[in-house]
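Each protein sequence line maps, in turn, to chains B and U. With the first sequence counted from 1, adding 30 to any position gets you our numbering. With the second sequence counted from 1, adding 30 to any position gets you our numbering. C-beta: ideal position from N, C-alpha, C; glycine also.
2 protein chains.
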Amino acid sequence: MSVPKRKQPQWDAPPTSSNGLRLYNTLTRQKELFTPEDGNTVKWYICGPTVYDASHMGHARSYISFDIVRRVMMEYFGYRILHVMNITDIDDKIILRARRNHLFNLYTEKNPSKEIVLADLEEAMVPFEKKVAKEEEPAKMEMYQKAFAKIKLLKAALSKAGSTTDDLKALLEGAKDPISEWQDKLHGAEVTDNKIFNELSAYWEADYLHDMKSLNVLPPDSLTRVSEYVPEIVAYVEQIVANGFAYEAQGSVYFDVKAFDANPKHDYAKCVPEAANDLGLIGEGEGELSSGVGKKNTQDFALWKTSKPGEPSWDSPWGMGRPGWHIECSAMASDVIPGKLDIHCGGMDLMFPHHDNEIAQAEAYYGCRQWVNYFLHTGHLEIEGRKMSKSLKNFITIKEALSQYTSRQIRLMFLSHSWGGKLDYSEKTMAVALHTEKLFNEFFLNVKTEITEHSRESKFGKSEHTLCQKILEAENAVHAALCDNIDTPQALRCMKKLVADVNAYLLDSTRTPSPALLTKAGRFVTNILKVFGVLPKNGPEIGFPTSGCGDVNVEELIMPIAKAVSDFRDEIRSEALNREPKDLVVLDICGRYRDDVLPEVGIRLEDRPNAKAIVKLVDKEELRRQKERELEIAQAKEAKRIAIKAAQEAAEAERREKAKIAPSNMFKSRTVAGGASEYSKYDGKGIPTHDGNGEELSKSKRKNLLKEYTKQEKLHQGFIAMSMN
Amino acid sequence: MSVPKRKQPQWDAPPTSSNGLRLYNTLTRQKELFTPEDGNTVKWYICGPTVYDASHMGHARSYISFDIVRRVMMEYFGYRILHVMNITDIDDKIILRARRNHLFNLYTEKNPSKEIVLADLEEAMVPFEKKVAKEEEPAKMEMYQKAFAKIKLLKAALSKAGSTTDDLKALLEGAKDPISEWQDKLHGAEVTDNKIFNELSAYWEADYLHDMKSLNVLPPDSLTRVSEYVPEIVAYVEQIVANGFAYEAQGSVYFDVKAFDANPKHDYAKCVPEAANDLGLIGEGEGELSSGVGKKNTQDFALWKTSKPGEPSWDSPWGMGRPGWHIECSAMASDVIPGKLDIHCGGMDLMFPHHDNEIAQAEAYYGCRQWVNYFLHTGHLEIEGRKMSKSLKNFITIKEALSQYTSRQIRLMFLSHSWGGKLDYSEKTMAVALHTEKLFNEFFLNVKTEITEHSRESKFGKSEHTLCQKILEAENAVHAALCDNIDTPQALRCMKKLVADVNAYLLDSTRTPSPALLTKAGRFVTNILKVFGVLPKNGPEIGFPTSGCGDVNVEELIMPIAKAVSDFRDEIRSEALNREPKDLVVLDICGRYRDDVLPEVGIRLEDRPNAKAIVKLVDKEELRRQKERELEIAQAKEAKRIAIKAAQEAAEAERREKAKIAPSNMFKSRTVAGGASEYSKYDGKGIPTHDGNGEELSKSKRKNLLKEYTKQEKLHQGFIAMSMN
């Protein structure tokens, strides 16, 4: 080696990784490797709500799940996302709801008399009953029947002499649906003020956005309202007409499905080709106020609807009218994101016709083959294993859910279901979520205690090498789970396994645990929970935030004080313990503060023999809820105990009653169904020998009766003995 | 289209992205696509410090830069990193420094006399001067000359008659280097206690870790100390010997470079093949205490060094000795990360021989072709455009830098240099960093104000479409910059451009700005600064953390806890007061916590008789500052008091002097400017009648002089009276 090698030796490049995010794409019905069109930016459109009522768990299903998908793609996979969502504030449902509410209010504001209301209701019920008669779904029929029964009762109450204005109010409220629908038929066409429609949608938009904030769902980067986009929509429709894929008919414009599908570049119904001819779905998509007059084919759908009186309207080349439902998404998405979308998503109920029509419109507009690269749909929602619906009485609004559980708990439940599969919102699945929350919280508290107690890092031993390996395995397993269509249930399982591994590691008290490894594990789990939106991004590096504040590291602020309290108590307590005899008064105070007072201010102390107490900061709200749940469990136990006792007492009372009967009389009063005596002849003791029809009883029967007699004889003797005492 | 298409239509997969992180790899001298060996986990070893002195900007250069690289890989690219760093706590520099410090202390503790020190110094200077004479670097020569000159002066001062013990101390301190080196030559071999070496390295390890924390450098997941790894190192060396790539010679073990390089599987000096024969570098790498006795070839380097007396030693198959410098990294890295490393990094001064020897050792140990996939080296550090060195008087410790600038400012300066290039720490580059900090801060404040003022999102107009596009461009540009070898200067430029774009957008006051887009821009810039470690991860979503406590009401947070502490103490205290006799031990604890402990955590208690204590929350920092201010005020008052008293005493002394003069003499000594007598004739009492020129004085002048005379007469009479007492 006297001559130095002047050249760099060969370098072996590591094998390129096939590791990458795969997403289940409705357009191919399989998981596809995700690649954005434009570098690291993901252009994403999500179908927002139609705002005419309170948001419910069906909305939560879609928006929480896609929020999780979005956060994982941003915070875990590092994509930059341009996120656009629409608000459907022009829609037949909104029109009808707004008009009916408005007309019902006008009707009640006139303070109609009892007689007028009773008479009007006769009239109002006729068309309502007809409509209901057409209903085929049994659950809905049942709901209507109940409503009818209720109205009948309320009517009867009001019809009585001496009924009050409260009875009148109750009937009006109970019969709101038939009355407002009847009024709408009479006066709907007179409602011309657009403000009436706007106010309703603005109210429910704000309510929806508030619910989303409560659920910790990130707001979109751009929020598009149909009512603000009418000119762009008109231009979009004009372009589709110009491209030969739509036609005007009597003031409406329809999409020409046949022409589109015949074009070799295009395919209609990419999401659900099987549904392309489903007239039921097509009709629902067109809306309650659509006539469909002038359609060339039944599959054709409205891009622009001519407005009848009583419907809001805007000017267009085809006369006054309003946009069809599907066109808004194509037009507004194209305005904020010109060209291709990387991701389009929505609830699975929107697949056909809404999403398929959106695709057709945009591809007809651009003249392109593929407008959306990845179409994602959330799976079904069930409530306690059944479909959610008002008729099934399991319709839950977001606000109702939030009154029972925290946003964090609900999100943990969502995370334990895959975003694309079935989600069951039930007491059972929520109990699992609560357990998961507690598991992680205890893990964080333990880890933090150990880290505080041991600060100097020492050399890895066998346990540390093992734990280090387990941490790497967990990290890679979570990575693989998230790459696999963002499989959060699997990711949670991997994290729980790591928690168990760390707990096992901490059980070995013979050696000092490694603060660096505990930090690594604690930060990893915290970080993934932050990615999932379970913990706030600006919360502590390890663990749950101790109170809901941003900027400040609360732990840093409070921990020194908590330690000072604990130290003080430790000194006092150790002094009391070392007295001869022990100072029980002082120890009692110490115990009371540990158990009752300090937890109330978020400090949990765990006393140890011959060592300082462990100090843990806990969320006092969570502690309160936990106490409540414990109380509930205790109450349930107590109720069960009382019920068992009552049953026992009832059985005892029955036994006592039975004991009063002399064995000689016990069979004589017995009857068969119908009332006839069961037996007709008895022996000297009163034991039956012949049945009611005079037939002699079989031997085995008589043997059984004798057994019964002997038993009663014993029982009755007991009664006599007791009576004589 | 009467027959529905049953099949899913064709889907076009988007083109797979070639976007990915590329890192400049010393092993290929070009940027290579980064791929970890094992899924998403990056196994990373970084050369830690040799701990024998304070950490300086050379350390900062490496550790801050690699902290930035590590954070970007974790927080931006989403890699999970297993990060291992060693502490070199066995090393010739440590041995020499510890031994010399120890022997110098022993020497001075004996309180040698002036004569002994002067005589000893004569002896001590001889070898020192010889060593210095060999020095070839002009800057170092100049430094030595200055040191000599200083010693000469101090010697002269001490040699004078009447020199003090301070002069003696000054000489000892000034001549510490020659004295301790001379003592080491005489007594070094007598230093046998390993504790002396351990204490020095433990001290400087803690100091280094503290500096790193101050610089916001993340700690490693595993910290390995050579002193804790000797058995593993011995086993590692044994394996290399067994594999035929090392040999024992007189108690030392050397790596057989020739055998290794001759093996077709291996190449020696992969980082710097050009240096493979550089004997200067090889010698430096071997250390000052290495003899190299028994080496087969000059390129061979020590894996195990036999220890001479005065050097710490451990048992081994080759006798008592210690690990060579390079072997520790190969062995410890392999213990925590068995097998291949994804990344190994260190300062560029370590390339050869240290890193090349590490590679050779590990590849010889494993019998593998490539131990490290990516070898990263930070670039040069300059101070004001020149190399940093003690001789150039521009040697800056981390603590000195932190006394001038905040950690955030220093990091921003580092970010504006590429990690692999030249870094200039200078007033100019720091001024740029300060400007950058201000620019971002102003941007965040503006954006936050606008977001607070406008909360409802309205439709995108032309400016919003443009701004949205600019945000996407900035995001993609930053992504491209980070992919390109983590080019932070370019990323900062892109972010500054976005700041300018947003500022321009906000200048258009004719329309309401979009809060969603401002949020998007603000969060993006904040997020990247969080990734870089400039802003804390748990800081606000937009902007710098506010010192103190942003939106949290600290009082609301802390007061309940403070009250609970106080209540607890009240109960305990009242119990102690009511005992007969009073429980003084407990009362003492209560008093101590009130006076010393609780104020330290910001709680001030004021006890009251028969009532709960008053609880006040105080800012402990403010409390400290307040105490300081009070002290300053008191000191100023005292200084003023002393000054006034001095002035009064001076005035009194003057008055007393004046009183000694008899009024008859008082005018006779008076002169005018130039020295001539002011007066020429006097009356009987000695009061002037004519001025120096013989002119008679005016009446009014004589009246004034009479007044003066009368005053002095009184004063002088007082003096006579006092003198006679």
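Please say whether residue j and residue i have beta carbons closer to each other than 7 angstroms?
i	j	result
Leu-201 (chain B)	Leu-188 (chain B)	yes
Gly-78 (chain U)	Asn-116 (chain U)	yes
Val-256 (chain B)	Ile-124 (chain B)	no
Val-645 (chain B)	Ser-596 (chain B)	yes
Tyr-266 (chain B)	Ala-169 (chain B)	no
Ala-664 (chain U)	Leu-745 (chain U)	no
Glu-487 (chain B)	Ala-551 (chain B)	no
Val-283 (chain U)	Ala-292 (chain U)	no
Ile-181 (chain B)	Gly-204 (chain B)	yes
Gly-351 (chain U)	Thr-328 (chain U)	no
Less than 8 angstroms between the CB atoms is what I'm expecting for residue i and residue j, so what's the real figure, rounded?
i	j	result
Tyr-109 (chain U)	Val-72 (chain U)	5 angstroms
Val-648 (chain B)	Arg-634 (chain B)	5 angstroms
Cys-301 (chain B)	His-385 (chain B)	5 angstroms
Phe-473 (chain U)	Val-508 (chain U)	Contact flag wrong, Cβ pair sits at about 15 angstroms.
Val-221 (chain B)	His-132 (chain B)	6 angstroms
Phe-290 (chain B)	Ala-390 (chain B)	6 angstroms
Gly-563 (chain U)	Arg-101 (chain U)	5 angstroms
Val-287 (chain B)	Asp-330 (chain B)	5 angstroms
Asn-506 (chain U)	Asn-70 (chain B)	6 angstroms
Given that residue i touches chain U, what residues does it touch there, using C-beta distances under 8 angstroms?
i	result
Asn-568 (chain B)	Lys-567, Asn-568, Gly-569, Pro-570 and Glu-571
Ala-594 (chain B)	Val-595, Tyr-623, Val-627, Leu-628, Glu-630, Val-631 and Ile-633
Val-25 (chain B)	For residue 25 (chain B) there is no data in the structure shown, the boundaries of chain B being 31 and 755.
Ala-546 (chain B)	Pro-249, Pro-250, Asp-251, Ser-252 and Leu-253
Based on Cα-Cα distance, which residue from the options lies nearest to residue i?
i	options	result
Asp-379 (chain B)	B:Leu-133, B:Ser-337, B:Ser-85 and B:Leu-311	B:Leu-311
Gly-632 (chain U)	B:Ile-588, B:Ile-663 and B:Asp-613	B:Ile-588
Glu-341 (chain B)	B:Asn-224, B:His-720 and B:Leu-148	B:Asn-224
Lys-206 (chain U)	U:Asp-237, U:Val-147 and U:Leu-253	U:Val-147
Gly-349 (chain U)	U:Cys-359, U:Trp-334 and U:Gln-400	U:Trp-334
Tyr-82 (chain U)	U:Phe-425, U:Asp-297, U:Glu-388 and U:Thr-118	U:Thr-118
Under 8 angstroms between beta-carbons, which chain B residues line up against residue i? List them in chain order, please.
i	result
Gly-204 (chain U)	Under the 8 angstroms cutoff, chain B gives no residues; its nearest Cβ is about 37 angstroms from Gly-204 (chain U).
Val-615 (chain U)	Glu-605
Arg-59 (chain U)	Gln-38
Ala-643 (chain U)	The contacting residues do not exist; Ala-643 (chain U) stays about 13 angstroms from chain B at best.
Asn-506 (chain U)	Asp-68, Gly-69, Asn-70, Thr-71 and Arg-110
Thr-46 (chain U)	Leu-63 and Thr-65
Using a C-beta to C-beta distance shorter than 9 angstroms, which residues of chain A count as neighbours of residue i?
i	result
Arg-399 (chain U)	Included in the structure are the protein chains B and U, with no chain A among them.
Can you list the residues of chain B that residue i reaches, using a CB-CB cut of under 7 angstroms?
i	result
Glu-601 (chain U)	Ile-619
Glu-487 (chain U)	Leu-253
What in chain U is Cβ-close to residue i, meaning under 9 angstroms?
i	result
His-509 (chain B)	Gly-69, Asn-70, Thr-71, Gly-108 and Arg-110
Ile-7 (chain B)	Summary: the structure shown does not reach residue 7 (chain B), with chain B confined to residues 31 through 755, and so no result is reported for it.
Give the interface partners of residue i over in chain U, defined as CB-CB distance under 7 angstroms, in chain order.
i	result
Thr-222 (chain B)	Result: empty, since nearest Cβ-Cβ is about 25 angstroms, beyond 7 angstroms.
Leu-502 (chain B)	Thr-71 and Leu-112
Subject >> Contact list for the region 67-96 of chain U against chain B, Cβ threshold 8 angstroms >> reply: Glu-67, Asp-68, Gly-69, Asn-70 and Thr-71
Subject >> Against chain B: residues of the region 250-268 of chain U by CB proximity under 8 angstroms >> reply: Shown in chain order are the members of the region 250-268 of chain U whose Cβ falls below 8 angstroms from a Cβ of chain B: Pro-250, Asp-251, Ser-252, Leu-253, Thr-254, Arg-255, Glu-258 and Tyr-259.
**OP:** Mind checking the region 92-124 of chain U against chain B and listing, in chain order, the residues whose C-beta falls within less than 8 angstroms of any C-beta there?
**Re:** Tyr-106, Phe-107, Gly-108, Arg-110 and Leu-112
**OP:** Anything in the region 385-410 of chain B with a Cβ closer than 8 angstroms to a Cβ of chain U? List those residues in chain order, please.
**Re:** Arg-399, Gln-400 and Asn-403
Original post:
Using a beta-carbon distance cut-off of less than 7 angstroms, what residues from the region 457-482 of chain U approach chain B?
Top reply: Listed in sequence order: no entries.
Original post:
At a Cβ cut of 8 angstroms, what residues of the region 523-536 of chain U count as close to chain B, listed as they run along the chain?
Top reply: none
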